[in-house]
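Under the numbering used here, the first residue of the sequence shown is numbered 134, with each subsequent residue one higher.
Note that the Cβ used here is the ideal one computed from N, Cα and C, for glycine as well.
Please read all numbers here as calculations on a predicted model, not as lab measurements.
Just below is one structure, and these are the notes that go with it.
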Amino acid sequence: MDIDVITPAWLSWARTEIGIREIVGAQHNPRVLDYWRIGRVPLQVNDDETPWCAAFACAAIEAASVRSPRTPRARGFADSPHTVECDARLGAIVVLSSSRGPASGHVGFLTGIGNGQLILLGGNQGNRVCEAPFSASKLVALRWPANGGDWRDYPKAPAISAKGVPVSDG
């Protein structure tokens, strides 16, 4: 990816958290618990087993000094007055459906698109913060923080090849 690409501040913060993971067993990762506080999510959580993708997304947005939805639910991003509809931009908030029902889902930040996949940087992806592919058929919404600047000022999400390599348009 071009080093001069404008990256939303929340995506830059999220990248610094890559590798943070849950602790298996009775102990809990304090950093995962921090996401609830940093994200200003009004839910008392004392373990790292509670689904935390939304807390991570809220934390990244709030850490960038931008108002997040402050919701514990991934689907809460889809209809929040603190997010607006956008197209596939680098750092866009992606809300996905889940097989667990219409209230369930997943949320992360868009980092690439290709081969029917959306590449998301998010929390609680395999119990850790990482980039991972998800089927584009599960897309519920593409959103942008309402006070996070004009999404049109940011680059489109890069195309990714079948080998996971960014595809150049030049």
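Under the rule that a run must span 3 or more residues, the beta strand (DSSP E) segments found entirely inside the stretch 205-237 read 216-218, 226-230. Distance from the CA atom of Gly249 to the CA atom of Ser268, rounded to whole angstroms, is 6 angstroms. Contact between Gly238 and Ser231 holds, since their C-beta atoms are separated by about 5 angstroms, short of 8 angstroms. The Cβ neighbour count for Asn257, taken over all protein chains shown within 10 Å, is at least 16; the residue is labelled buried.
In this structure the stretch 139-157 does not touch the stretch 206-214; the number of beta carbon pairs closer than 8 angstroms is below three. Rounded to the nearest angstrom, the gap between the Cα atoms of Asn260 and Ala147 is 15 angstroms. Under the Cβ criterion (8 angstroms, minimum of three pairs), the stretch 168-175 does not count as touching the stretch 271-278.
Excluding residues up to 5 positions away in sequence, Gly172, Arg173, Val174, Pro175, Cys191 lie with their Cβ nearer than 7 angstroms to the Cβ of Arg203 in the same chain.
In this structure, the CA atom of Leu144 is about 15 angstroms from the CA atom of Tyr168. If you check the CB distance, Leu243 and Val227 come in under 8 angstroms. With contacts defined by Cβ atoms closer than 8 angstroms, Leu223 and Thr149 do not form a contacting pair. According to DSSP, Phe267 shares a beta bridge with Leu251.
Going by beta carbons, Pro288 and Val138 fall inside the 8 angstroms limit. Sequence-distant partners of Gly255 (beyond 5 residues in either direction) whose C-beta falls short of 6 angstroms from its own C-beta, in its chain, are Cys186, Gly241.
Among the bridge pairs identified by DSSP, Gly241 is matched with Val227.
Setting aside the 5 residues that flank it on each side, Asp181 is surrounded in the same chain by Glu155, Ile156, His161, Asn162, Val165, Leu166, each with a C-beta closer than 7 angstroms to its C-beta; the list follows chain order.
DSSP lists Leu229 as the beta-bridge partner residues of Leu272.
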